[in-house]
Structures are given as structure tokens and as C-alpha cells.
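*Asks:* Those protein sequence lines, which keep their order, are chains A and B.
Heads up, the first sequence is in the working numbering, so the first residue is 1 and it goes up one at a time.
Heads up, the second sequence is in the working numbering, so the first residue is 745 and it goes up one at a time.
A single structure is presented below for examination.
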Amino acid sequence: MNLESKVIGKPVSRVDGRLKTTGTAQYSADQRPSEDRPMHAVLVKSGIPSGRITGFDLSAVQGMDGFVRFLSHLDGALIRSIKNPADGSFAAGEEYTPFESDRVDFVGQHIGLVVARALETAEAAAKAVVVKYEASTARIAFDSPDAEVRQPILYNTGEELQVSRGDVDAALAKATHTVQATYTTPIEHHNPIEPSATLAVWDGDHVTVYDATQGSVNDKNYVAFGMSLDPENVRVLNPFIGGGFGCKGFTWPHSLIAAAAARVLDAPVLLVLSRKDMYTSCGHRPYTEQEVTLAADTDGVLTATRHLTDSYRSPVGDHVEPCGLTTAMLYRCDNLEVAHNVRVLNRPSGTPLRSPGEAPGTFALESAMDELAEKLGMDPVELRRRNHTDIDQRNGRKWSSKHLLDCYDRGAERIGWARRRAPGTWREGKDLVGLGMATACYPGYRTPTQTRLTLDRDGTLHVAVAVQDIGTGLYTVLAQMVADRFRTSPDTVRVLIGDSDLPPGPLAGGSMTTASVAAAVDDACRVLSETLRARLVKIGKTLGNEPLVVDGGALRTGALSVPMTELIPTGSPAIAAEGGTNDIYGFAGGVETDKSFYSFGAIFAEVRIDRDYGIIRVPKMTGVFDVGRVINAKTARSQMLGGMTFGIGMALMEETFIDDKTGRFVNPSLGEYYVPVNADVHELDVEMLDIPDYDFNPFGARGLGEISNVGASAAIANAVYNATGIRVRHLPIRLDDLLEGLPR
Amino acid sequence: MAASANQLRINLAINDTVHGLDIDPRTTLLDLLRETLDLTGTKKGCNHGQCGACTVHVNGQRVLSCLTLAALCDGVQVRTIEGIGTPDDLHPMQDAFIAHDGFQCGYCTSGQIMSALAVLEEPWGPDAAAIKEAMSGNICRCGAYPNIVAAVQEVRKGLEVDRNA
Ligand code: FES
Ligand code: FES
Numbered sequence: 001m002n003l004e005s006k007v008i009g010k011p012v013s014r015v016d017g018r019l020k021t022t023g024t025a026q027y028s029a030d031q032r033p034s035e036d037r038p039m040h041a042v043l044v045k046s047g048i049p050s051g052r053i054t055g056f057d058l059s060a061v062q063g064m065d066g067f068v069r070f071l072s073h074l075d076g077a078l079i080r081s082i083k084n085p086a087d088g089s090f091a092a093g094e095e096y097t098p099f100e101s102d103r104v105d106f107v108g109q110h111i112g113l114v115v116a117r118a119l120e121t122a123e124a125a126a127k128a129v130v131v132k133y134e135a136s137t138a139r140i141a142f143d144s145p146d147a148e149v150r151q152p153i154l155y156n157t158g159e160e161l162q163v164s165r166g167d168v169d170a171a172l173a174k175a176t177h178t179v180q181a182t183y184t185t186p187i188e189h190h191n192p193i194e195p196s197a198t199l200a201v202w203d204g205d206h207v208t209v210y211d212a213t214q215g216s217v218n219d220k221n222y223v224a225f226g227m228s229l230d231p232e233n234v235r236v237l238n239p240f241i242g243g244g245f246g247c248k249g250f251t252w253p254h255s256l257i258a259a260a261a262a263r264v265l266d267a268p269v270l271l272v273l274s275r276k277d278m279y280t281s282c283g284h285r286p287y288t289e290q291e292v293t294l295a296a297d298t299d300g301v302l303t304a305t306r307h308l309t310d311s312y313r314s315p316v317g318d319h320v321e322p323c324g325l326t327t328a329m330l331y332r333c334d335n336l337e338v339a340h341n342v343r344v345l346n347r348p349s350g351t352p353l354r355s356p357g358e359a360p361g362t363f364a365l366e367s368a369m370d371e372l373a374e375k376l377g378m379d380p381v382e383l384r385r386r387n388h389t390d391i392d393q394r395n396g397r398k399w400s401s402k403h404l405l406d407c408y409d410r411g412a413e414r415i416g417w418a419r420r421r422a423p424g425t426w427r428e429g430k431d432l433v434g435l436g437m438a439t440a441c442y443p444g445y446r447t448p449t450q451t452r453l454t455l456d457r458d459g460t461l462h463v464a465v466a467v468q469d470i471g472t473g474l475y476t477v478l479a480q481m482v483a484d485r486f487r488t489s490p491d492t493v494r495v496l497i498g499d500s501d502l503p504p505g506p507l508a509g510g511s512m513t514t515a516s517v518a519a520a521v522d523d524a525c526r527v528l529s530e531t532l533r534a535r536l537v538k539i540g541k542t543l544g545n546e547p548l549v550v551d552g553g554a555l556r557t558g559a560l561s562v563p564m565t566e567l568i569p570t571g572s573p574a575i576a577a578e579g580g581t582n583d584i585y586g587f588a589g590g591v592e593t594d595k596s597f598y599s600f601g602a603i604f605a606e607v608r609i610d611r612d613y614g615i616i617r618v619p620k621m622t623g624v625f626d627v628g629r630v631i632n633a634k635t636a637r638s639q640m641l642g643g644m645t646f647g648i649g650m651a652l653m654e655e656t657f658i659d660d661k662t663g664r665f666v667n668p669s670l671g672e673y674y675v676p677v678n679a680d681v682h683e684l685d686v687e688m689l690d691i692p693d694y695d696f697n698p699f700g701a702r703g704l705g706e707i708s709n710v711g712a713s714a715a716i717a718n719a720v721y722n723a724t725g726i727r728v729r730h731l732p733i734r735l736d737d738l739l740e741g742l743p744r
Numbered sequence: 745m746a747a748s749a750n751q752l753r754i755n756l757a758i759n760d761t762v763h764g765l766d767i768d769p770r771t772t773l774l775d776l777l778r779e780t781l782d783l784t785g786t787k788k789g790c791n792h793g794q795c796g797a798c799t800v801h802v803n804g805q806r807v808l809s810c811l812t813l814a815a816l817c818d819g820v821q822v823r824t825i826e827g828i829g830t831p832d833d834l835h836p837m838q839d840a841f842i843a844h845d846g847f848q849c850g851y852c853t854s855g856q857i858m859s860a861l862a863v864l865e866e867p868w869g870p871d872a873a874a875i876k877e878a879m880s881g882n883i884c885r886c887g888a889y890p891n892i893v894a895a896v897q898e899v900r901k902g903l904e905v906d907r908n909a
């Protein structure tokens, strides 16, 4: 029997499921590491968008029973001046140092911290601190006339943000079929259900930080820098993270503030952000305006593409929403222009949110493709097929493994695409029915990763790496990978992650963890196998070439079976091996290769719209994905369900409003920022092509956390058009966008 | 902590253990569980009654512990996720959540399971649409909804089978 097929690709239940379902998985705010109960900290945030702090009035606070301390920029240099370092050892969400000066750049900036023995006191005291300001002119509105506008050169992956090839104007002048429209996407927030939380515990010059972060190594280096410590004196623990979706990716000032407070007070300090804090403390997806122009000949072949994105950044955070990057690579087109502008506004900072750039960018591009298909009188799937290419349009390289045409075929069949009718003509009872589709894609990234593997006397394999499972299933996937290489069951593998003291690995972002650890685990398994073979020879065994099998209490190869107790005599240490890779893929400065790496997919949506009330429902979505080899069918499907659910939220519900006068977010709560709930989500149909990409890593997996969110909003918007004949070019699409024009 | 003038005395049973506690009148049941008693299985996602992560049972009914003042819990019976099952001795609902992958990050999961258990006792119809409605007070940002519905339905069917047996 081929044991390998028993592990990779199988729907193995999560190895951490027993902890998560019994409330015993400890997230950052759940940790109780010391006898001393932590002090509770609550942030004081700026109430103005621009100006200076002239003072704090603490008179209402000082007498509070259990109040301990108020900290601010008036307490001297608590935190070293943060600069994103040239060596890339950490990436901060904002290049500003909390409590460094009296300057205020946006509403919600952290300007003070209240520490008290009890949480109730800290909350009451934070409300009672009166801040005095001297306000200065703020640029808040998107169209502020005097806002500085920048043309950033590179995205944080090193990819070019201003791209031009061929001659777009000349091609447009000759074009027979052209569409041009502006699409907008709103401010959106990640809203993981776990708010960010930091518990800092000092022991002399060493600090342990229990931090809700998507990157323990990044966080460690950031805290070390801010606290002026050697990185060895910082340990970040994050064994469980309650979702992140990007807002816990780069590190944010609150982690430093908690560490600084604990140092000053010489006591453990726990800082848990409130839901409202989350809206201004750890990023959001910025509003975008995207003008897309497409031209095609009568056969539907693209002759010109232009995608201009206008967005903004805060004065202290440099995130750019890179909407046009997908456009630069996806369809064959010789004349192309992609540009990104950002205005500098006095708003909180943006940051990557699940498929940054790709999700809002494909809303615009894939809506425009739908409009072009309509103009050409062509089936939207057929239009995509005619512009399909096996060559990465940015650099002329071949894709390592691209089966997008199969995704279109499979998706069309699964959704019943043949049922689709002309816009506004399909009625069932009181419902207007429509079908729409879009292409999905996401880059393949890999970063350097090291792994330690250990085999102990009872036949248990231990795999250790400083990565984190934010809900993706990485605990289980690591167990499966190691089990696969030693032809054993995932039950015999113990997974140690969520600790920056372990061999370094990537942060959980960019859908890159599985591919990165795949290469490192494969290498560590090879090293451990060689070590074990040498050990067998040393104790007098004769070996063939058959692979090693960890089989309960014995190590087997071919006909040979050696008890672990003989391999590792009493008193000897477990057998350890380290392996890894320094290869980088998908980022600037990566491995020189003649291939390009991307995941692809196709999303199809059916919508039903109440003819009288305009209420939009999505009874079915189908996603077919080409994401390389699937390691765990169960957790992979769950990620796709989650991404498609994000897409429903983006298409129909999610929007944060900002008040252009005060610079405040108007709806910073889960009661007023709508996310999908159980009753909003109907049939989600997922198929994985499951074709390994061994050029990318030895397990053949590419990432899959983000791609299922890409294209989802365009597929729904296109289905809304098909149902009603109404083209909505902004998100979210609400019933009031439809009510007036609904066909009766 | 010593009782001070503005503290209140309450007695309540949590997972069948009786506690006599001197509390700050501002304390919510959620913070009492988490910060005083270290029962951290119950989660805080919003503190405003908007996410369901803090769902517990009070006298057998599901409540949002972040909206419940501890001072009003004198004499009640509270059940939290710690009183449902343990990693070595799972409740069937916990088993079903694992089998159907009814979570990803796991942060909403205690609340989902406490809600799901209450739903078994509430008068909801048998179909999946009823479960979606009944479970819509528990947000799962990871989007495990279809799997949550599958888990709850499996347990419900199991209960029906048991009843008929
Ligand atoms: S924490 Fe109670 S409902 Fe969100
Ligand atoms: S499992 Fe992450 S919020 Fe539900």
C-alpha cells in the first residue's frame, strides 16, 4: 500500500481541535504565566486628527482606587525611535514611535496609557483623562485640494507600482470596442474576533511578550529595537491567534507600549485593545478609486489596458493598496499602463487586508471585463479564455503550473452557467436571478525558513519552527508533512510553533507559510534521515536504499526493524536534525528562475434579488482553485469557505465610514460595521484541482489563504448586473443601489 | 482582594462549584470569569453584545456574559465551556465541531458551542435554515458557518436518534 497517500491531501482533523473546542487553547489575553496578576492597561487615544498635545488633566483619575500610573510622551524616552530597518529585520505597520512627541497625525493615535490593578478601574480612568490640544489644519477628505500626492515606486513585495508597456494611447485610438469606468471600494476593517492583545513580562533585561501577532520573529525584532535590547533578550509567544487577516501582520505601536509600561512598572502588564481601538490601531484597507480602460478587437482580444488607482496613506504608515498589480500580469495585452497614486491624509494607517490589492483590484478589472463582454456580445467566460496566456505578462516567463482554463470549465459546470440569460430577463417568482463570474489569482511567495526535527525514544517526531497558526491549519499541515516523509501517522508528530525562540520562519501573511515550511521541512527530514541511517550503520546494521519508516516504537527500512530503545539507548538524547532553506520566491531579490509562480482560480456566483425590495441574496457560490497540491483537504476547504465568505461581506456589506470634518470613523463596532453572519451564507461549493507544483517546493503546495477572496466581489457584482441590468461600480452593493432601476 | 466599601458580595455556582465573591459593582460576568476566576475559555470579542464570543449559560439559557453585570448574578447557575468537556473527554458537540472543522482560529468557538448547546433546547425547526438563524448571533470572521451548521445538525440528528431508541 502506498502510505504516502494516507497523509498528504487527506482531510485530517485539526490536531489542535481538542484545545480549541474546550476553551483550553490559550490566546494572548488568556495567558497567566506568573504568580503576579498582570496589571491592566487601557489606551488613551487622540481625539483630533492633527495638532499637538498641550497637556493632560489627570485630576479625575488620581484618586481612583487601584489606579497605578499614567504614561505618555511626558515620561521621557520610553521607546527608542522606530525606523523600518534597511536590513528588513522587521516591518512595522507605522513608522512612528509612540510617546515620542506631542505631535498628533490622526484620530485614534496612541497618546497615553492608563495602568491600574483592575480592568474596571483602567477603563474608567482612561475615559476620565482629559487631553488638551492645539489643533492644526488637517487633510481628511479624499479630495482635499492641498493634500500631498505621491507616486510610490515599489510595493512592500518589491514589485513595481508604475508599469508601462507598449503604447496604450495609440492602441485606444485604433480600438473598435472600448470600455472605461471608475470603480470605488470602501474602507474596510479586518475585524478578527480576537482583538489584538499584548501581555509583557520582564525578567531583568529579558522580556517575554505574549502577543497576538501573525509574525513572532518580526515582532521580536521590533520589540527588541524599540526596547533597545538584543533580540536574544526578547521572546514572543503566540501559540494561538484568534484570526488576523492582515491586521496582526506587521507590528503596531501597542506592542511596544505594553512592553515599555511593564518595564517602567516592573510588573506584568496586559494591554487588550477594545473593538473600537482595533479600528484605528492596526490598519484598514483604504478606500480606492480605480479607473479602468479596456480595448479589444472584434474577436475580444485585448489591445489596450489601463488601470489607474487613487488611494491614500496616513502621515506615518506607508501602505499602498496595490490594485493594479494583478492587471499587469493576468491577461495577454501588449499595451498596458498601471499606475498608483496615494494622497497623504490625516487618517489612521492602512495595512494589508486579506488579498491586499488583488481583492479591490479584481473588483475593478473583472467588472470591466464583464462590461467589455457585454459590449462585445460575448460570453464573459469566453472573453477570459480568449485572453488567457501561459506567459507572465510582466516578464515573459512561463508559469510554473497554470490550469486556469480548467478552473473556468469546472466552475461553469458546477454553477450551471448554461442557465444564464440576458441581463434582467431571468425571473423566478418574485426573484430576479443572475449569474456572474470572475477570475481569481494570487502570487506564490516563499521566504527563508529553518526547521528543527527530533526523534525521541518512544518514536515521537517533534517538528519546531517559529511560524504561527492563525486558523489556517498549520499545526495539522506540519504534522502531515513530517508524517509523510517518515511514512507514519500525523498522530506520532508533535508540532511546536508560536515561539520566536524556535528556528525562524515567515509571518503568516501573503499565503506563504505552507510553501515556505514545505521546503524547510523537506530539508530537515532529509537531514534527519541521513542522521538516522548513519546511526543505524554505526550500531552495526546493514541498510538498503528503502526509505525509513517510523513505526510506533521501531525504525524500519526494508526488512530491517530496529527498536527505538536500541537506536536511542537509555540516557542518550533524542536524535535531532536541522534543515531549511534561504530561498526567496515572489519577492524582489528572490531566486533567479525562468518560471513565475501564481495561484489561479475562477469564482462563480448566483444571486437572487427580491423584485420589490431589492434585497440581494447569494444562494450559491462556486470556487475552483488551482493552488498546487492540497496538503489537508479539510482545512484547505475551510480556508476557501472563509475567503468566499469574506468576498460576500466585501460585495454586499462591509464599509467603514469616515467623517471628513473630524477624521473619526463613524461606525467602529461589529454592530454598525456589517460582516456576514451565519444566515447570510448559503451554499459555498469548492473544488481544488490539486495539481502539484514541484517547481515551487518539494510538497508541490502553493498558498491558499487569500485567493478565495480575490474575484469574489466582482463575481457577485457581475451576477447582480446579470440579474437586474444595473451596473454598480462601487462596493458594497446595497439594496438602495438597485431599488429605483429594478426591472418590474 | 479584600472587600472594600464599594464592593458587593455575590454567591453563584459556576460549572457546579459554588463561589462566594466580593466584586466591583462595575464588573461584568465575562470579566469575572476571565480576570477573577481565570476561566479564560470564554472570550471577549467586542464587549458590546455584538459578536457572541462571550456566550455562556445562565440558569440553562444562553446569555452574553459581556452584557451581564456580575452583581445581578447572585444565586444563579453559570455554565461555561470549561463545564462542557475536556480535551480528553469531549462533549459530542465538541467532537462534531472537530469532525466538521467548525472553526479555524478557534476564537469564536467557545461561544459557538455554548450557543449550539442552547439551541438544542430551544424551539427551532429541524432544517439548516433554522440553525443558520439560531446561530446568527455568533460571528465567525474565519467563515466556518457551513461547517458549524453541519456540526450542529449532526448532533441534533444524533439526539433525535437517541430519543427514538
Ligand atoms: S464579547 Fe460579548 S458579545 Fe462580543
Ligand atoms: S474560528 Fe475564527 S472567528 Fe470563528
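For every residue, glycine included, the Cβ atom is placed at its ideal position computed from N, Cα and C.
1) Using 8 Å for Cβ pairs, my map puts F597/A next to P443/A. What's the rounded Cβ distance?
2) Starting from the N-terminal end, write out each residue whose C-beta falls within a distance shorter than 6 Å of any non-hydrogen atom of ligand 1.
3) Which partner residues of I767/B appear in the DSSP bridge assignment?
4) Should G204/A be labelled buried (16 or more other beta-carbon atoms within 10 Å of its own) or exposed?
5) What does the alpha-carbon distance come out to for the pair I883/B and K398/A?
6) Cβ-heavy atom distance between F847/B and ligand 2 below 7 Å?
7) Cα-Cα, which of T208/A, N678/A, V42/A is closest to R69/A?
8) Under a three-way DSSP split, which group does F600/A fall into?
9) Leaving out five residues before and five after V728/A in sequence, what residues of the same chain have Cβ atoms less than 7 Å from its Cβ?
10) Show which residues of chain A have a CB atom less than 7 Å away from the CB atom of Q838/B.
11) Apart from the five residues on each side of it in sequence, which residues of its chain come closer than 6 Å, Cβ to Cβ, to Q393/A?
12) As a quick exercise: from L773/B, D768/B, P769/B, N750/B, pick the residue whose alpha carbon is nearest that of L756/B.
13) Going by DSSP in three states, Q826/B sits in which element: helix, strand or coil?
14) CB A515/A to CB Q450/A, shorter than 8 Å?
15) My output table needs one value for E4/A: the three-state DSSP class, helix, strand or coil.
16) Does C852/B come within less than 8 Å of chain A when only Cβ atoms are used?
17) Expressed to the nearest angstrom, what Euclidean distance is found between the alpha-carbon atoms of Y96/A and W252/A?
18) Looking at chain A, is there any beta carbon in it that lies within less than 8 Å of the beta carbon of R885/B?
19) What do you reckon, are the CB atoms on G785/B and K20/A nearer than 8 Å?
20) Using 7 Å as the cut-off, classify the Cβ of C886/B as near or not near the heavy atoms of ligand 2, replying yes or no.
21) Could you work out which residue in R427/A, T327/A, T351/A, L302/A is closest to V320/A when comparing CA atoms only?
22) With DSSP as the reference, label V896/B as helix, strand or coil.
23) Output, in chain order, the set of chain A residues within a Cβ distance shorter than 9 Å of E877/B.
24) Taking 8 Å as the threshold (beta carbon to beta carbon), is G785/B in contact with chain A?
25) By DSSP's criteria, I497/A is part of a beta bridge. Which residues make up the other side?
26) Which chain B residues sit within Cβ distance under 8 Å of I603/A?
27) Given a threshold of 16 other Cβ atoms within 10 Å of its Cβ, counted over all protein chains shown, does V591/A qualify as buried or as exposed?
28) Using the DSSP secondary-structure output, state which residues sit across from L237/A in a beta bridge.
29) How would you list, in chain order, the residues of chain A whose beta-carbon sits under 7 Å from the beta-carbon of S880/B?
30) Hey, quick one: how far does the beta strand (DSSP E) through H801/B stretch, first residue to last?
31) Please list the residues of the stretch 689-714 of chain A that have a C-beta atom closer than 9 Å to any C-beta atom in chain B, keeping them in chain order.
32) Taking the CB atoms as reference points, tell me whether T557/A and V549/A lie closer together than 8 Å.
33) Measuring CB atoms only, is the stretch 134-141 of chain A touching the stretch 45-53 of chain A, in the sense that at least three cross pairs come out at less than 8 Å?
34) Cβ closer than 7 Å: which chain E residues qualify as neighbours of Y27/A?
35) What residue does the beta strand (DSSP E) around N718/A start on, and which one ends it?
36) So, at 6 Å on beta carbons, what are the nonlocal neighbours of N697/A in its own chain, with the 5 sequence-adjacent residues on each side left out?
*Replies:* With the given structure in hand:
1) Reading the first sequence from its first residue, position 597 is the one you call residue 597/A. Reading the first sequence from its first residue, position 443 is the one you call residue 443/A. Cβ-Cβ separation between F597/A and P443/A: approximately 7 Å, consistent with a contact (criterion under 8 Å).
2) In chain order, the qualifying residues are K788/B, G789/B, C790/B, N791/B, G793/B, Q794/B, C795/B, G796/B, A797/B, C798/B, L808/B, C810/B.
3) Stepping through the second sequence from its first residue, residue 767/B is reached at position 23. Looking at the DSSP output, I767/B shares a beta bridge with L752/B.
4) By 1-based counting over the first sequence, the position of residue 204/A is 204. Result: exposed.
5) What you label residue 883/B is simply residue 139 of the second sequence in a count that begins at 1. What you label residue 398/A is simply residue 398 of the first sequence in a count that begins at 1. Each residue's Cα considered, the two are about 42 Å apart.
6) Your numbering for residue 847/B matches position 103 in the second sequence. Shortest gap from the CB of F847/B to any heavy atom of ligand 2: under 7 Å.
7) Start at 1 with the first residue of the first sequence, and residue 69/A comes out as number 69. Out of T208/A, N678/A, V42/A, the CA that lies nearest to the CA of R69/A is found in V42/A.
8) Against the first sequence, residue 600/A aligns to sequence position 600. Correct three-state label for F600/A: strand.
9) Taking the first sequence and counting its residues from 1, the one referred to as residue 728/A is at position 728. Around V728/A: A717, V720, D737.
10) Taking the second sequence and counting its residues from 1, the one referred to as residue 838/B is at position 94. Residues of chain A passing the Cβ test: T21, T22.
11) One-based indexing of the first sequence puts residue 393/A at position 393. Excluding residues within five positions, the ones whose Cβ falls inside 6 Å are M329.
12) Within the second sequence, the letter at position 12 stands for residue 756/B. Nearest in C-alpha terms to L756/B, of all of L773/B, D768/B, P769/B, N750/B, is L773/B.
13) Counted from its first residue, the second sequence places residue 826/B at position 82. The sequence shown places Glu at residue 826/B, rather than the Gln named in the question. Residue state, collapsed to three classes: helix.
14) For the purposes of this step, residue 515/A is taken as the residue at position 515 of the first sequence. For the purposes of this step, residue 450/A is taken as the residue at position 450 of the first sequence. No, they are not a contact pair.
15) As a position in the first sequence, residue 4/A is number 4, starting the count at 1. In this prediction, E4/A has a pLDDT of 48, which is less than 50 and means its spatial position is unreliable; nothing more can be read from the coordinates.
16) Here residue 852/B refers to the residue found at position 108 when the second sequence is read from its first residue. Output row for C852/B: interface = yes.
17) The residue labelled residue 96/A in the question sits at position 96 within the first sequence. The residue labelled residue 252/A in the question sits at position 252 within the first sequence. Going by the C-alpha atoms only, they are around 10 Å apart.
18) Along the second sequence, read from residue 1 onward, the residue named residue 885/B stands at position 141. It does: the Cβ of R885/B has a partner Cβ on chain A nearer than 8 Å.
19) Reading the second sequence from its first residue, position 41 is the one you call residue 785/B. Reading the first sequence from its first residue, position 20 is the one you call residue 20/A. In this structure, G785/B sits away from K20/A, with a CB-CB distance that is not shorter than 8 Å.
20) For the purposes of this step, residue 886/B is taken as the residue at position 142 of the second sequence. It does: the Cβ of C886/B is within 7 Å (strictly closer) of some heavy atom of ligand 2.
21) Counting from 1 along the first sequence, the entry for residue 320/A is found at position 320. The shortest Cα separation from V320/A among R427/A, T327/A, T351/A, L302/A belongs to T351/A.
22) Taking the first residue of the second sequence as 1, we reach residue 896/B at position 152. Per DSSP, reduced to three states, the secondary structure at V896/B is helical.
23) In the second sequence, the residue the question calls residue 877/B occupies position 133. At a C-beta separation below 9 Å, E877/B has these neighbours in chain A: N678, A679.
24) Numbered from 1 along the second sequence, position 41 holds the residue referred to as residue 785/B. Yes, G785/B lies at the interface with chain A (some Cβ there is under 8 Å from its Cβ).
25) Position 497 of the first sequence, counting from 1, holds the residue named residue 497/A. In the DSSP assignment, I497/A forms no beta bridge with any residue.
26) Working through the first sequence from its first residue, we reach residue 603/A at position 603. Those within 8 Å of I603/A in chain B number zero; the least Cβ separation is about 15 Å.
27) Here residue 591/A refers to the residue found at position 591 when the first sequence is read from its first residue. Exposed is the call here.
28) Here residue 237/A refers to the residue found at position 237 when the first sequence is read from its first residue. In the DSSP output, where bridge partners are listed per residue, L237/A has Y210/A, D499/A.
29) Against the second sequence, residue 880/B aligns to sequence position 136. Think of a sphere of 7 Å around the beta carbon of S880/B: the chain A residues whose beta carbon falls inside it are V677, N678, A679, in chain order.
30) Taking the first residue of the second sequence as 1, we reach residue 801/B at position 57. Boundaries of the beta strand (DSSP E) harbouring H801/B: 799-802, taken from the DSSP string.
31) Those would be none; no residue qualifies.
32) Position 557 of the first sequence holds residue 557/A. Position 549 of the first sequence holds residue 549/A. Taking 8 Å as the Cβ cut-off, T557/A and V549/A qualify as a contacting pair.
33) Touching, yes, given that three or more Cβ pairs across the two stretches are closer than 8 Å.
34) The displayed structure is made up of protein chains A and B, and chain E is not among them.
35) Indexing the first sequence from 1 puts residue 718/A at position 718. Per DSSP, N718/A belongs to no beta strand (DSSP E); it is in the alpha helix (DSSP H), 712-724.
36) In the first sequence, the residue the question calls residue 697/A occupies position 697. Taking N697/A as the centre and dropping the five residues before and after it, the same chain places the C-beta of A515, A518, A519 closer than 6 Å to its C-beta, in chain order.
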